[in-house]
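Numbering (my numbering), first residue to last: 1031 to 1144. The beta-carbon is built from N, C-alpha and C at its ideal position, and this holds for glycine as well.
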DNA sequence: CTGATGACTATAG
DNA sequence: CCTATAGCCATCA
């Protein structure tokens, strides 16, 4: 169905470990969607209310929360990230330190064996 | 159908 | 740091 891309995105976001963040473009690429970064935002917006998907671990390419400043969702995202140990400096996250590296997961945990 | 919008990004100046 | 431009594409008016 037309929600294939959305499901892929949700699965990819679900793989982001606590304390790490990924960018929209990164999620798109990891999901095999190329440059459709906007689709990622669209998919996250469509998340059901009680979803387990860690949507808060997705930020824009500048390491900032891309939700409307001051919105409940933006505050929730920031709170959750800070609870996980992600640091904000001047409203930004240092992607060099907190960016999710799927490759590193494979190196440490193995490609798919779990 | 057209045109604007948006939880985006890369590049150029 | 900023703005402008171009690419991307589902969704809405």
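query: Where DSSP assigns a beta bridge to residue 1052, which residues make up the other side?; result: 1088
query: The alpha helix (DSSP H) with residue 1037 in it runs from where to where?; result: 1034 to 1044
query: Around the C-beta of residue 1084, are 16 or more other C-beta atoms found within 10 angstroms, so that it is buried, or is it exposed?; result: buried
query: According to the Cβ coordinates, are residue 1051 and residue 1123 closer than 8 angstroms?; result: yes
query: Between residue 1057 and the ligand ZN, is there a pair consisting of the residue's CB and a ligand heavy atom that are separated by less than 7 angstroms?; result: The ligand ZN is absent from the structure shown, which contains no ligands of any kind.
query: Assign residue 1130 to one of two classes, buried (16 or more other C-beta atoms within 10 Å of its C-beta) or exposed (fewer than that).; result: buried
query: Here's the rule I'm using: 16 or more other beta-carbon atoms within 10 Å means buried, otherwise exposed. How should residue 1060 be labelled?; result: buried
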